[in-house]
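Chains A and B supply the protein sequences, listed in that same order. According to the working numbering, the stretch in the first sequence is residues 91 to 206, in order. According to the working numbering, the stretch in the second sequence is residues 434 to 689, in order. What follows is a set of notes on a single structure, which appears directly below.
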Amino acid sequence: MVGYKVITSAVRAEGTKWRGFADTVNKVTPVVTNATLGPTAFFVGDPITLAVSVFNASALSDTYEALRSYVEGALKGAATEFDQIDGALQKTAQLYDQAEEITEIDLTQIYGTPPR
Amino acid sequence: MDTPFNPFGPAGPEEITGPLDDLFRKVEAKIKEIIDKYNAGVRHINDWKYVLGPAMIWISEGLQKIRDGLDKVVKMVQYAVEHHTPVVSLIVQSFNWQDHVQKDMSKMVGSVETPADPNLAYWEGGGADAYEKRAEKQREAVEAIGAQGGKADAISSWLMTIAKLNVNFMTGLVEMVANFLGALVEAALDGATVINLPFAVKDLAGAIGGLVTDAIKRLGAIANQVMDTLSNIRDAKSLMVDSRLPGGQWPQAVNL
């Protein structure tokens, strides 16, 4: 069995990993934010001359925008969460160091209490 | 528009935008030729209109039919040219979803589960369990966006399907314009003798009417296919209901 010092350094390294994830998401999110497309972007065919009454450019762009903003909304929380996980793991390692053992720590101090 | 064979699918937007640009160049060059050829024919007829006399009534009727076809083709080309740049941006975004959203997120999936330091495996107890549970929820959320068949992938494929239908459309438009030009060249109104002119106009009017109607039917079917992609992605309205992203939000691991 390795000592708690080895474990606490592994926990710290694990936290740093999540900081890296936050960096990745911070690069990905602007791509999604900037991926907007207007109704003209979906088809080069002139629906009037083609006499296709079912063609609806804004139905295409509205559906796309709904999907794009859904993903953007979901991703926006990701970086914060990843940073907080890093924070939680660093705090965990610190508490272990203070307690000089790795079993008994108050998890509400680290993760808080989920809302009901 | 020879593009190298690539068994792994298009590597970058230029593999779609390149051929599309070529089609636009062709269509714009040919429509200019058509207009020149048509105007030359009309000038030639006008030069002889007094000699043609009563036959001019017949000729005018035919010319009007040709002109109607020409108007339709010109309108379609103008509309397409105006939408060229926006459709290129659709192609670029399709690749962005794949290369800068799906790929980057999917890379994370594996590393969430692999400890940064293998000694993390010695971590046991309540603290370790609490972390693992949270890490799993986060991995699932990352997968929801970035896995094969995840949201980024689905959006990218949808845009790519539309991009390819636009390329098909432009291929059809080039064909239509080429056929139109071919008919004009064959009729050679600008070189026809006074005797032959009425017949040449009549034949041309018939040919143009037929080819424009056929082409519009074929191209209109592509417009319908573009709309059909909508019903596929709408089935994927389920894309926007996902327990891995509760209420469309990233799952919370820490509530401090």
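Think of the CB as a built atom: it goes at the ideal place given N, C-alpha and C, for glycine as much as any other residue. A quick note: this is a predicted structure, and the numbers were derived from the prediction, not measured.
How about A:Ser208 and A:Pro129: are their beta carbons less than 7 Å apart? Residue 208 of chain A lies beyond the residue range present for chain A, which begins at 91 and ends at 206; the question has no answer from this structure.
Interface residues of the stretch 93-107 of chain A facing chain B [CB-CB below 8 Å]: Val96, Ile97, Ser99, Ala100, Val101, Ala103, Glu104, Thr106 and Lys107
Exercise. Are A:Glu171 and B:Trp683 touching if we call contact CB-CB under 7 Å?
Worked result: yes
### Query
Does B:Pro452 come within less than 7 Å of chain A when only Cβ atoms are used?
no
Original post:
Just the Cα atoms here: how many angstroms apart are B:Lys465 and B:Ala611?
Top reply: 11 Å
May I ask you to verify whether the stretch 587-602 of chain B touches the stretch 661-680 of chain B, counting CB pairs closer than 8 Å and requiring at least 3? yes
Any chain B beta carbon closer than 7 Å to A:Pro120 | no
Determine, for A:Gln174, whether the minimum Cβ-Cβ distance to residues of chain B falls below 7 Å. yes
(message) Is the beta carbon of B:Ile449 closer than 7 Å to that of B:Ile499?
(response) no
- Query: Nearest to B:Phe602 by alpha carbon, out of B:Glu557, B:Ser590 and B:Tyr512?
  - Reply: B:Tyr512
task: Verify the CB distance criterion: does A:Asp187 have a CB-CB separation below 7 Å to chain B?
output: no
* Asked: From the beta carbon of B:Lys505, is the nearest beta carbon of chain A less than 7 Å away?
  -> yes
**Prompt:** At a Cβ threshold of 7 Å, is A:Ala125 touching chain B?
**Reply:** yes
Q.
Can you give me the C-alpha to C-alpha distance between B:Met434 and B:Lys463, rounded to a whole angstrom?
A. Any reading at B:Met434 needs caution, since the residue's pLDDT is 43, under 50, leaving its predicted position unreliable; the model's value is listed next. Cα-Cα distance, rounded: 16 Å.
* Going by the beta-carbon positions, is the gap between B:Arg567 and B:Val545 smaller than 7 Å? -> no
message: Within 7 Å of any Cβ in chain A, is that where the Cβ of B:His477 sits?
response: no
Exercise for the section: Using a Cβ cut-off of 7 Å (strictly closer), state whether A:Thr198 contacts chain B. Expected result: no
query: In terms of DSSP beta bridges, what is A:Asn70 paired with?
result: Within the shown structure, residues of chain A are numbered from 91 to 206, placing residue 70 of chain A beyond reach of any answer.
Taking DSSP's pairing of strands, which residues face A:Gly202 in a bridge? B:Asn688
TODO: Anything in chain A within Cβ reach of B:Asp550, meaning under 8 Å, just list it in chain order.
DONE: Ser99, Ala100, Ala103 and Glu104
Checklist line | N- and C-terminal bounds of the alpha helix (DSSP H) containing B:Trp491 | finding: Ala488 to Asn529
Next item on the list: Grab me the residues of B:Val645's own chain with a C-beta within less than 6 Å of its C-beta, minus the 5 sequence neighbours each way, in chain order.
Entry: Gly502 and Lys505
### Range of the contiguous alpha helix (DSSP H) that encloses B:Ser539
Lys536 to Glu546
task: Could you tell me which chain A residues have their CB closer than 9 Å to the CB of B:Ala580, listed as they occur along the chain?
output: Within 9 Å Cβ-Cβ: nothing; B:Ala580 doesn't reach chain A, min ~13 Å.
- Look at the alpha carbon of B:Ala554 and the alpha carbon of B:Leu453, and state the distance between them as a whole number of angstroms. 53 Å
Item to complete: Have a look at B:Val521, B:Ser676, B:Gly653 and B:Val627 and flag the residue whose alpha-carbon is nearest the alpha-carbon of B:Pro487.
Response: B:Val627
According to DSSP, simplified to helix, strand and coil, what is B:Ala625? coil
Three-state secondary structure (DSSP) at A:Ala141? coil
**OP:** Ignore the nearest five residues each way along the sequence and tell me which others in B:Lys378's own chain have a CB closer than 6 Å to its CB.
**Re:** No answer is possible for residue 378 of chain B: the residues shown for chain B start at 434 and end at 689.
Coarse secondary structure for A:Ala164, derived from DSSP in three states
helix
Nearest chain C C-beta to A:Asp136 closer than 7 Å, yes or no?
Included in the structure are the protein chains A and B, with no chain C among them.
Worksheet item: Buried or exposed: which applies to B:Glu619, given that a residue is buried once 16 or more other Cβ atoms fall within 10 Å of its Cβ?
Response: exposed
Next item on the list: Give a yes or no on whether the minimum CB-CB distance between A:Ala162 and chain B is below 7 Å.
Entry: Before going on, a small fix: residue 162 of chain A reads as Glu here, not Ala. So, not an interface residue.
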